[in-house]
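>
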Amino acid sequence: MRSEVDVTAGELVVRAREGNAAAWNALVERYTPMLWSVARSRGLAGPAAEDAVQATWLRLVQRIDTLWEPESVGGWLATVCRNECHALFDAPFAPPPRPPGDDADPAPGPEIRSVDRDRLERLAAALRAMPERCRTLLRMLASSATYTEVSAALDLPVGSVGPIRARCLRRLRGSLDE
85 MRSEVDVTAG
95 ELVVRAREGN
105 AAAWNALVER
115 YTPMLWSVAR
125 SRGLAGPAAE
135 DAVQATWLRL
145 VQRIDTLWEP
155 ESVGGWLATV
165 CRNECHALFD
175 APFAPPPRPP
185 GDDADPAPGP
195 EIRSVDRDRL
205 ERLAAALRAM
215 PERCRTLLRM
225 LASSATYTEV
235 SAALDLPVGS
245 VGPIRARCLR
255 RLRGSLDE
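The sequence shown begins at 85 in the working numbering and counts up one residue at a time.
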């Protein structure tokens, strides 16, 4: 039998569908560096990039049985990762990206500073209204803590940090939208 390194992507997908752990591991080993590159190319780093990569793998787990062209799993993963990155940028408090070639003076005027201050005050109030676990988790991730560190501090499985973070951010967005 060939080693997992010599097996095509399509064969790995078929084996992973059948529950072959070695095939899953080979897929993860083969495509995770590419997913990190996609996340970084979209401007994500640290926990946000981890969320995008983890969510991409979760989508494959959920949809592996529906892939029509298993040999195209690499392109499928890249597309899903780009979509996950885009979803992470839809936060109401994220600054809009600057258009290419925009050489405007980045120093904000008093109106912009006032709007920014109001936005920060609303964000702080919304954070104070959240459950303690969400506040702690978001605060730790904002200070560049790793998922492993958050997991240990909050006594959570590492794999649940990303989904809990997503729920906390959805709750935060909802309270900001009100």
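Every residue gets a Cβ at the ideal spot worked out from N, C-alpha and C, and that includes glycine.
Keep in mind that this is a model prediction, so the values were computed, not measured.
Quick one: Cα of Glu155 to Cα of Ala171, how far?
Rounded to whole angstroms, Glu155 to Ala171 spans 26 Å at the Cα level.
> Would the segment 98-117 and the segment 140-154 be scored as touching if the rule is three or more Cβ pairs under 8 Å?
Yes, the segment 98-117 touches the segment 140-154.
> Could you give the C-beta distance for Leu221 and Ile248, rounded to a whole number, given that I count them as a contact under 8 Å?
About 6 Å; that satisfies the 8 Å criterion.
> Is Leu128 helix, strand or coil by DSSP?
Coil at Leu128, not helix or strand.
> I'd like the list of long-range same chain contacts for Pro241, defined as Cβ closer than 8 Å, with 5 residues on each side in sequence excluded.
Once the five neighbours on either side are set aside, the close Cβ partners of Pro241 are Ser235.
> How far does the alpha helix (DSSP H) with Val164 in it extend, from its first residue to its last?
Start and end: Val157 to Leu172.
> Taking the straight line between their C-alpha atoms, what separation do you get for Arg126 and Glu134?
Answer to the nearest angstrom: the Cα atoms are 13 Å apart.
> Measure the C-alpha to C-alpha separation of Asn109 and Ala237 and round it to an integer number of angstroms.
Taking the straight line from one Cα to the other gives about 28 Å.
> So, is Arg99 buried or exposed, given that buried needs 16 or more other C-beta atoms within 10 angstroms?
Buried is the call here.
> Would you kindly report the start and end of the unbroken alpha helix (DSSP H) that includes Pro241?
No alpha helix (DSSP H) holds Pro241; DSSP gives it neither H nor E.
> What three-state label does DSSP hand Gly272 in the structure shown?
The shown model of the chain, from 85 to 262, leaves out residue 272, and the question about it has no answer.
> How would you label Glu168, buried or exposed, when you count the other beta carbons within 10 angstroms and need 16 or more for buried?
It counts as buried.
> Using a Cβ-Cβ distance cut-off of 8 Å, determine whether Leu256 contacts chain B.
Protein chains in the displayed structure number just one, and chain B is not present.
> Tell me the DSSP secondary structure of Ser228 in three-state form.
DSSP places Ser228 in coil when its eight states are reduced to three.
> Once the 5 residues before and after Leu256 are set aside, which same chain residues still bring their CB inside 6 Å of it?
Contacts found: Ala210.
> Helix, strand or coil for Pro215, going by three-state DSSP, please let me know.
Coil.
> Beta-carbon within less than 8 Å of Thr92's beta-carbon, same chain only, minus the 5 sequence neighbours each way: which residues are those?
Excluding residues within five positions, the ones whose Cβ falls inside 8 Å are Glu155.
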